[in-house]
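Mapping of the sequence shown onto our numbering: residues 58 to 496, in sequence order.
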Amino acid sequence: MFNKVLIANRGEIAVRVIRACREMGIGTVAVYSEADSEALHTLLADEAICIGPAKSQDSYLNMERILSAAVAMGADAIHPGFGFLSENARFAEFCSLCGIKFIGPDSRVIAKMGNKAEARNTMIQAGIPVVPGGREPVRTLEEAKETAEAVRYPVMVKAALGGGGKGMRIARNPQELASGFLNAQREAVKGFSDDTMYIERYVENPRHIEFQILADEHGNVIHLGERDCSVQRNHQKLIEEAPSAWVPEALRREMGETAVRAAKAAGYENAGTVEFLLDKENHYYFIEMNTRIQVEHPVTEAVTGIDLIKAQLRIAAGEPLVISQEEVRLSGHAIECRINAKMAGKLKNLLMPGGMGIRVDTAMYNGCAVPPYYDAMLLKLIAHGEDRAEALKKIQCALGELVIEGVETNLDEQYEIFTHPVYEAGPVDTGFMEKYFRE
Ligand code: MV4
């Protein structure tokens, strides 16, 4: 097992990884920007090193500074968390060139799954169901029009290097395709310096169902059930549930087996997520594989009892999985909501909820700063109950207890969602927020 892990991240996920390392007796090194000198991850780690000014490109996105810190501090592994460099194939490669274990998949797998068109073709070759669409990427409007005619409208234009909705447009006819394709391609060039696009049939208001994968370095691959992440606004997940209360057991088993086959086809190792779209007829389609631990991993931990960060560390240290697929058991129902700041500021008078089945993942403490430079997520509230109704009641009560003063947050909006009759009754699809909570 590693002696010392450098956490190349900040906020609640950095605290989460530090806690897992501490419980395993692994030394921890935090990296922090000048804006995070008093941040909780900086204070909790055994050692902490300032890697630069507040701006991400001069700190948490700066590969050279992070790797220099890892070498200088004698870290033998780096945990990237999520966001920042967690899905940067070059960073993973530089880690191994420095003799430091990147806690995640091989850099070539990150690159392959990071190209959504390549990932799609990998899955087609493995017989994994994908959304009907073009076999080849497209780069010109002419090629896009030809492919869209063959696929049949409505279509979804997507950037090969996109993800999370970036470089993506719906087109319901050739006129919308003309503007949509050019706008999406412009976004792709601006965001990823790449103009490669691909076309899929548009799945109307799908549900977003993703499966958690654990794969060790000895060929063992298992799934830990699904998460329903359909409540999103502008491709930002707001609420996640595990399991999805409306996926029948037989469908869960089939999708889980498909997710395992997808991970094997990708040559995957460590923790990852296979994303599917589920349509109204319960047909499912692979859309992406995320090569990192996800924000919403705690709902899977709640229903399986498996600590996913410790599992990542053990897999990266070469240990075989200690659980077989047959031994995975889902128990109860978990719901997570993200509490985001609406502005920067200074926190005071925090009151955290509690009680049976309530978990709070946060890096906040009384008096701490909410800097303007980074993602606005302050806290994840997770409730675990015997079934969805109990988990829902728990999270409603917990939100009622939660007090965050000092900056404005989306706490009230989250409470509105959880008490909305359509959400309470379920199931909800990716069109729910647009339909009932138009901004
Ligand atoms: C789609 C889709 C419908 N049809 N692809 C969103 C980002 C990435 N995870 C893939 N996403 C989607 N791909 C086809 N062919 C619907 C989504 C989607 C979505 C789209 C619009 C608004 C919110 C969404 C939430 C989840 C998934």
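By construction, the Cβ of each residue, glycine as well, lies at the ideal position given by its N, Cα and C atoms.
Asked	Found
Given Ala440 as reference, the closest of Lys337, Pro428, Pro429, Gln453 once Cα atoms are compared	Gln453
Collapsed DSSP secondary structure at Leu404 in the structure displayed	coil
Inter-residue spacing [alpha-carbon to alpha-carbon] between Pro428 and Ile392	28 Å
Sequence-distant residues of its chain with Cβ nearer than 8 Å to Arg318 (five each side left out)	Ala183, Gly184, Ile185
Ligand 1 heavy atom lying under 6 Å from the CB of His265	yes
Near ligand 1: Tyr472 beta-carbon under 6 Å from a heavy atom	no
Terminal residues of the beta strand (DSSP E) in which Tyr472 lies	Careful: Tyr472 lies outside any beta strand (DSSP E), inside the alpha helix (DSSP H) at 468 to 475.
Of the listed residues Asp163, Tyr325, Ala433, Val188, nearest to Tyr341 (C-alpha basis)	Val188
Opposing strand residues paired with Tyr20 [DSSP bridges]	This structure cannot speak to residue 20, because the chain is shown only from 58 to 496.
Reference Arg495, options Ala176, Asn291, Trp303, closest by Cα	Asn291
Contact check, Ala77 vs Lys367, beta carbons under 7 Å	yes
The segment 400 to 411 / the segment 348 to 356 touching (three or more Cβ pairs under 8 Å)	no
Proximity below 7 Å, CB of Cys152 to CB of Ile135	yes
Gln293 - partner residues in DSSP beta bridges	Arg290
Start-end ranges of the beta strand (DSSP E) lying completely within the segment 202 to 285, minimum 3 residues	212 to 220, 223 to 228, 254 to 258, 264 to 272
Member of Glu332, Asn467, His477 whose CA lies at the smallest distance from the CA of Gly221	Glu332
Environment of Lys500 [buried if 16+ CB atoms lie within 10 Å]	In the structure displayed, the chain extends from 58 to 496; residue 500 sits before or after that span and is not available.
Limits of the alpha helix (DSSP H) - the one that Arg68 falls within	Looking at the sequence itself, residue 68 is Gly, so the reference to Arg does not match. Gly68 -> alpha helix (DSSP H) spans 68 to 80.
Reduced DSSP secondary structure (H/G/I, E/B, other) of Ala299	strand
Given 8 Å, three or more beta-carbon pairs between the segment 370 to 383 and the segment 96 to 113	no
Cβ neighbour criterion (16 or more within 10 Å) applied to Ser250	exposed
Near ligand 1: Gly140 beta-carbon under 6 Å from a heavy atom	no
Within-7 Å CB hit, His280 to chain C	Checking the listed chains, one finds no chain C in this structure; it contains a single protein chain.
Arg495 in three-state terms, based on DSSP	coil
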